[in-house]
Amino acid sequence: MLANELADRGFEVTLVTYSPGDQLSATLSRRVALRFVRRRGKLGLGYMVGLFKLFRLLQPRAVIAFLSTPCFYARLVGRLARVPIVITSVRNSNYFPESAEMRLERLLWRLSDYVVVNSRQSATQLVSGGVPESRVKLIRNGLDSVHFQRADQGAIDQLRADLGIAQSELFVLLPGRIQRQKNHRLLVDACLELPPGRWAWKVGFAGNLLDDAIVTSLKAVIKRAGAEEKFLFLGPRSDMPTLYSAADVVVLPSLWEGFPNVLLEAMSCGAPVVCSDVGDNSIIVPDDRFGSTFPSGDREALATAIGNILGASRRDRVRIGDAGRRFVRGSFSAASMADQFITLID
89 MLANELADRG FEVTLVTYSP GDQLSATLSR RVALRFVRRR GKLGLGYMVG
139 LFKLFRLLQP RAVIAFLSTP CFYARLVGRL ARVPIVITSV RNSNYFPESA
189 EMRLERLLWR LSDYVVVNSR QSATQLVSGG VPESRVKLIR NGLDSVHFQR
239 ADQGAIDQLR ADLGIAQSEL FVLLPGRIQR QKNHRLLVDA CLELPPGRWA
289 WKVGFAGNLL DDAIVTSLKA VIKRAGAEEK FLFLGPRSDM PTLYSAADVV
339 VLPSLWEGFP NVLLEAMSCG APVVCSDVGD NSIIVPDDRF GSTFPSGDRE
389 ALATAIGNIL GASRRDRVRI GDAGRRFVRG SFSAASMADQ FITLID
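Taking the working numbering, the leading residue of the sequence shown gets 89, the next gets one more, and so forth.
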């Protein structure tokens, strides 16, 4: 999204990835060049050499990196290749004083001209951990409002039918890779506490199954409860706008976050949301007009919040979803995000 915005404004943009980019290329503007540099092994020394050669060939004015591994390489190789401006980022609020993430940031921040964060909590953690405030820049995520639009009713009905969700059933969606951060177990426990027989519901987990141990544990809990037919492990999806649109409520019970895109995406597609009060989630969901927040880890509070949405009339759920869509589209634009990055590289 940032690459597209910059390219549309006349910047020459190359997006570098170490994963084959078939799905990624489908979302890129034709003005953005996509380069694949293979990475093998834990250290990725060959990748560093390939990245160095690419940087020397392209002679970029700035390198912008997202996520911890690309940021590590951007810092080291960017400085070796004498890139004038190196911008790295922190996207989560788990940079506690003695965490491995904070120790690494404390060691490497000098190699970044700026460290961009997407939440106030992340900014506070970095500054408290020793990164100079002048290097830390808060730029909230922007929304791809062209891609994330509510699907038409025919596509929604077809998707629900394909997933085995009856029209009479309420669909609860958790979009997020299965790992500890996203706290899928809390949603399982909360849904199993919903009043028996009051609502017909199903839960969908959409995202990569990253942690096999967690997946196995979740399935065991679900099996013991005799609820296998109520929980769908959907894996990664290429139809997220339709999936969001099909959901009666989207839930994000994370243990930590920064400024999660999935909330913006779900709300842009008209879904009511329920999320834990971590990171800057309360900026995205400031009050009950759009859904609700709950204390992270509180099973009963989550069950109550989900029950409030499921117990609302369809008209009220549509009203909540429409209000959320207007709010995120008016408050978190991709254009505004790009403007702020441009001030760092101009």
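Positions of the beta carbon are idealized from the N, C-alpha and C atoms, including for glycine. Note that the structure is predicted; figures quoted are calculated from it, not measured.
#### Entry: Sequence-distant residues of its chain with Cβ nearer than 7 Å to ARG208 (five each side left out)
Within the sequence shown, numbered from 1, the residue matching residue 208 stands at position 120. Around ARG208: LEU226 and ASP368.
#### Entry: Per DSSP, the bridge partner or partners of CYS363
Position 275 of the sequence shown, counted from the start, is the residue given in the question as residue 363. Its beta-bridge partners are LEU340 and THR381.
### Task
Could you tell me the boundaries of the alpha helix (DSSP H) in which ALA400 lies?
Start at 1 with the first residue of the sequence shown, and residue 400 comes out as number 312. From DSSP, ALA400 is part of no alpha helix (DSSP H); its letter is neither H nor E.
### Query
Which residues share a DSSP beta bridge with GLY412?
In the sequence shown, counting from the first residue as 1, residue 412 sits at position 324. For GLY412, which the question treats as bridged, DSSP gives no partner whatsoever.
#### Entry: Cβ neighbours of PHE347 in the same chain (closer than 6 Å, five flanking residues each side left out)
Position 259 of the sequence shown, counted from the start, is the residue given in the question as residue 347. Around PHE347: ASN206, SER207, ARG228, ASN229 and ASP368.
### Task
Output yes or no for whether 8 Å exceeds the beta carbon distance between TRP289 and LYS307.
Along the sequence shown, one-based indexing puts residue 289 at 201. Along the sequence shown, one-based indexing puts residue 307 at 219. Their beta carbons are not under 8 Å apart, which means TRP289 does not touch LYS307 by this criterion.
### Closest by C-alpha distance to ALA294, when choosing among ASP277, VAL303, PHE184 and PHE321
The residue you call residue 294 lines up with position 206 of the sequence shown. When only C-alpha atoms are compared, the closest one is PHE321.
#### Entry: Assigned exposure category for LEU262 - 16 Cβ within 10 Å defines buried
Locating residue 262 in the sequence shown gives position 174, where the first residue counts as 1. Label assigned to LEU262: buried.
### Message
Could you give the first and the last residue of the continuous alpha helix (DSSP H) run that contains ARG273?
### Response
Walking along the sequence shown from the start, residue 273 turns up at place 185. Run containing ARG273: 272–280, per the alpha helix (DSSP H) assignment.
### Query
For the segment 106–141, which segments carrying the beta strand (DSSP E) assignment without a break, of at least 3 residues, lie completely within its bounds, in sequence order?
120–124
### Query
Are the beta-carbon atoms belonging to VAL178 and ARG163 less than 8 Å from one another?
Taking the sequence shown and counting its residues from 1, the one referred to as residue 178 is at position 90. Taking the sequence shown and counting its residues from 1, the one referred to as residue 163 is at position 75. Taking 8 Å as the Cβ cut-off, VAL178 and ARG163 do not qualify as a contacting pair.
### C-alpha distance - LEU298 paired with ARG265, whole-angstrom precision
Your numbering for residue 298 matches position 210 in the sequence shown. Your numbering for residue 265 matches position 177 in the sequence shown. When rounded, the distance between both Cα atoms is 6 Å.
### Query
Between PRO329 and HIS235, is the Cβ-Cβ spacing less than 8 Å?
The sequence position of residue 329 within the sequence shown is 241, counting from 1. The sequence position of residue 235 within the sequence shown is 147, counting from 1. A contact, by the Cβ cut-off of 8 Å.
### Message
Rounded to whole angstroms, what is the Cα-Cα separation between GLU221 and THR381?
### Response
The sequence position of residue 221 within the sequence shown is 133, counting from 1. The sequence position of residue 381 within the sequence shown is 293, counting from 1. Each residue's Cα considered, the two are about 29 Å apart.
### Query
Of all the options LEU282, ILE302, PRO341 and ALA335, which has the alpha carbon lying nearest to the alpha carbon of ASN396?
By one-based count along the sequence shown, residue 396 stands at place 308. Considering only alpha carbons, the answer is LEU282.
### Task
On the DSSP bridge assignment, give the partners of TRP289 in chain order.
Taking the first residue of the sequence shown as position 1, residue 289 is located at position 201. TRP289 pairs with LEU258.
### Query
What are the partner residues of ILE175, as DSSP defines its beta bridges?
The sequence position of residue 175 within the sequence shown is 87, counting from 1. Note: ILE175 sits in a beta bridge opposite ILE152 and TYR202.
### Supposed close pair LEU274, ALA313 - CB separation, criterion 8 Å
Within the sequence shown, the letter at position 186 stands for residue 274. Within the sequence shown, the letter at position 225 stands for residue 313. Actually they are not in contact, since the Cβ atoms of LEU274 and ALA313 sit about 15 Å apart, beyond 8 Å.
### Query
Does the pairing of the segment 369–388 with the segment 179–198 give three or more beta-carbon distances under 8 Å?
no
### Task
Within 10 angstroms of the Cβ of LYS130, are there 16 or more other Cβ atoms? Answer buried if so, exposed if not.
For the purposes of this step, residue 130 is taken as residue 42 along the sequence shown, with counting starting at 1. Burial call: exposed.
### Query
Distance, Cα to Cα, LEU133 vs VAL276?
Residue 133 sits at position 45 when you count from the first residue of the sequence shown. Residue 276 sits at position 188 when you count from the first residue of the sequence shown. Between LEU133 and VAL276, the C-alpha separation is close to 42 Å.
### Task
In the DSSP assignment, find the beta strand (DSSP E) that holds VAL224 and state where it starts and stops.
Against the sequence shown, residue 224 aligns to sequence position 136. Where VAL224 is concerned, the enclosing beta strand (DSSP E) stretches over 224–226.
#### Entry: For LYS270 and ALA121, the rounded distance between their alpha carbons
On the sequence shown, residue 121 is found 33 positions in, with the first residue counted as 1. On the sequence shown, residue 270 is found 182 positions in, with the first residue counted as 1. Approximately 33 Å, taken between the alpha carbons.
### Task
Could you check the C-alpha separation between GLN255 and SER384 for me, to the nearest Å?
Start at 1 with the first residue of the sequence shown, and residue 255 comes out as number 167. Start at 1 with the first residue of the sequence shown, and residue 384 comes out as number 296. Their Cα atoms are separated by approximately 31 Å.
### Query
Is the segment 325–340 touching the segment 196–205 in the sense that three or more CB pairs, one from each, lie closer than 8 Å?
no
### Query
Would VAL338 pass as a contact of VAL291 if the rule is Cβ separation under 8 Å?
Residue mapping note: residue 338 aligns to position 250 of the sequence shown, counting from 1. Residue mapping note: residue 291 aligns to position 203 of the sequence shown, counting from 1. For VAL338 and VAL291, no; Cβs fall outside 8 Å.
### Query
Just the Cα atoms here: how many angstroms apart are LEU142 and ASN92?
Counted from its first residue, the sequence shown places residue 142 at position 54. Counted from its first residue, the sequence shown places residue 92 at position 4. Their backbone Cα atoms lie some 20 Å apart in a straight line.
### Query
Is it the case that the Cβ atoms of PHE420 and LEU352 are separated by a distance below 8 Å?
For this step, residue 420 is matched to residue 332 along the sequence shown. For this step, residue 352 is matched to residue 264 along the sequence shown. Against a cut-off of 8 Å, the Cβ pair of LEU352 and PHE420 comes out as a contact.
### Query
Per DSSP, THR392 forms a beta bridge with which residues?
Reading the sequence shown from its first residue, position 304 is the one you call residue 392. Answer by DSSP bridge pairing: none, since THR392 is not bridged.
### Message
Beta-carbon within less than 8 Å of LEU90's beta-carbon, same chain only, minus the 5 sequence neighbours each way: which residues are those?
### Response
Indexing the sequence shown from 1 puts residue 90 at position 2. Cβ within range, chain order: ILE152, GLY230, ALA422, MET425, ALA426 and PHE429.
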